[in-house]
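In what follows, a structure is listed as structure tokens, so that the remarks can point back to it.
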Amino acid sequence: QKEVEQDPGPLSVPEGAIVSLNCTYSNSAFQYFMWYRQYSRKGPELLMYTYSSGNKEDGRFTAQVDKSSKYISLFIRDSQPSDSATYLCAMRPDSWGKLQFGSGTQVVVTP
Amino acid sequence: NAGVTQTPKFRVLKTGQSMTLLCAQDMNHEYMYWYRQDPGMGLRLIHYSVGEGTTAKGEVPDGYNVSRLKKQNFLLGLESAAPSQTSVYFCASRGGLAGVNEQFFGPGTRLTVL
């Protein structure tokens with residue numbers, strides 16, 4: 006069983022809808038949580054970073070971490086066609102540890 | 003700043019051939035990583051380095067070797083390529099405080115082994 010599970014999608018939504026993405030994990034030691042966005046044929050780029058539990062908001066993006074349930078989420082409000090990409094969750098147990106990635110969820114926002 | 007660059011962008015090899023992928027970063031980062039990305043498998047760590055002159059194995063190191071002779075460069079070698087090594091290879095670098103300088107990725111190298 007993988008340490009980090011992520012639904013591969015694709016997740017198709019109309020423009021303006023809320024996109025909801027999530028990952029579950031099994032290692033309770035994970036403390037640092039990230040979301041990366043990867044456009045087709047490009048390298049991943051960091052979108053959101055969260056330490057421990059709680060919410061973090063950045064513009065149209067909100068990241069949530071629920072350590073008690075070992076569950077993290079990413080919400081994209083007012084989705085745009087330019088949000089069409091693969092979103093990867095990533096996490097690690099300490100400040101300098103290796104990142105463990107989910108397999109990514111493909112999101113398609115249709116105009 | 004160019005960030006993280008990778009050379010070459012594309013390559014086709016025959017089984018048994020060798021090649022070296024070059025990763026360069028201009029951000030003075032200590033940590034560098036090599037990943038491979040395959041459909042449905044996500045990013046898997048091949049090897050990584052915590053500083054100049056150091057290397058360590060990741061999750062899938064077999065069939066690959068690496069070297070970090072200079073801080074800004076991280077080389078990934080395939081001594082005898084196999085079709086199972088057909089993949090997209092990403093290099094990443096990281097430095098500084100957690101959350102401030104998280105992993106920056108290069109644009110990737112698409113490798114096909116026939």
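Residue numbers (this note's numbering), protein chains in the order written: chain A, 6 to 116; chain B, 3 to 116.
Glycine included, every Cβ here is placed at the ideal spot set by N, Cα and C.
None of the values given here were measured: they were computed from a predicted structure.
Determine the contact status of residue 138(A) and residue 107(A), defining contact as a CB-CB distance below 7 Å. Because chain A here runs from 6 to 116, residue 138(A) falls outside it and cannot be looked at.
Would you say residue 79(A) faces chain B, with C-beta separation under 7 Å as the test? The residue given as residue 79(A) occupies position 74 in the first sequence. Cβ-Cβ to chain B under 7 Å: no for residue 79(A).
Is there at least one non-hydrogen atom of the ligand COA closer than 6 Å to the beta-carbon of residue 81(A)? This structure simply doesn't include the ligand COA, nor any ligand for that matter.
Thinking C-beta only, is residue 6(B) closer than 7 Å to residue 95(B)? On the second sequence, residue 95(B) is found 93 positions in, with the first residue counted as 1. On the second sequence, residue 6(B) is found 4 positions in, with the first residue counted as 1. Against a cut-off of 7 Å, the Cβ pair of residue 6(B) and residue 95(B) comes out as a contact.
Residue 23(A): buried (16+ other C-beta within 10 angstroms of its C-beta) or exposed? To locate residue 23(A), count along the first sequence from 1; it is residue 18. The residue in question, residue 23(A), is exposed, as its Cβ has fewer than 16 Cβ neighbours within 10 Å.
Please go through the stretch 60-91 of chain A and give each complete beta strand (DSSP E) segment of 3 or more residues, from N-terminal end onward. 66-71 and 76-81
Quick check: is the beta carbon of residue 32(B) nearer than 7 Å to any beta carbon in chain A? Position 30 of the second sequence, counted from the first residue, corresponds to residue 32(B). No, its Cβ sits nowhere closer than 7 Å to a Cβ of chain A.
Residues of chain B with CB closer than 8 Å to the CB of residue 109(A), please, in chain order. For the purposes of this step, residue 109(A) is taken as residue 104 along the first sequence, with counting starting at 1. Chain B residues near residue 109(A): 44.
Distance, residue 66(A) Cα to residue 112(B) Cα: The sequence position of residue 112(B) within the second sequence is 110, counting from 1. The sequence position of residue 66(A) within the first sequence is 61, counting from 1. So the alpha carbons of these two residues sit roughly 31 Å apart.
Contact with chain A by residue 10(B), beta-carbon distance below 7 Å: Against the second sequence, residue 10(B) aligns to sequence position 8. By this cut-off, residue 10(B) is not an interface position.
Identify whether residue 51(B) lies in helix, strand or coil by the three-state DSSP scheme. Taking the second sequence and counting its residues from 1, the one referred to as residue 51(B) is at position 49. Here residue 51(B) sits in strand by DSSP.
On the three-state DSSP scale, how would you describe residue 8(B)? Within the second sequence, residue 8(B) is the residue found at index 6, counting from 1. In the three-state reduction of the DSSP assignment, residue 8(B) falls in the strand class.
Going along chain A in order, which residues have a C-beta closer than 7 Å to the C-beta of residue 110(B)? Position 108 of the second sequence, counting from 1, holds the residue named residue 110(B). Those within 7 Å of residue 110(B) in chain A are 48.
Beta-carbon contacts of residue 3(B) that lie in its chain and below 7 Å, excluding the five residues immediately before and after: In the second sequence, counting from the first residue as 1, residue 3(B) sits at position 1. Answer for residue 3(B): 28 and 29, listed in chain order.
Less than 7 Å separating the beta-carbons of residue 60(B) and residue 49(B)? Against the second sequence, residue 60(B) aligns to sequence position 58. Against the second sequence, residue 49(B) aligns to sequence position 47. Closer than 7 Å, so yes.
Kindly indicate which residue of 85(B), 84(B), 9(B) and 34(B) has the alpha-carbon position closest to the one of residue 71(B). As a first step, residue 71(B) is located in the second sequence; it is residue number 69 there, counting from the start. When only C-alpha atoms are compared, the closest one is 34(B).
DSSP on residue 86(B), reduced to helix/strand/coil? Stepping through the second sequence from its first residue, residue 86(B) is reached at position 84. Residue state, collapsed to three classes: helix.
Presumed contact (8 Å Cβ cut-off) between residue 94(A) and residue 77(A), rounded CB distance: Taking the first sequence and counting its residues from 1, one reaches residue 94(A) at position 89. Taking the first sequence and counting its residues from 1, one reaches residue 77(A) at position 72. Residue 94(A) to residue 77(A), Cβ: 6 Å. Contact.
Status (buried if at least 16 other CB within 10 Å, exposed otherwise) for residue 9(B): If you number the second sequence from 1, residue 9(B) lands on position 7. Result: exposed.
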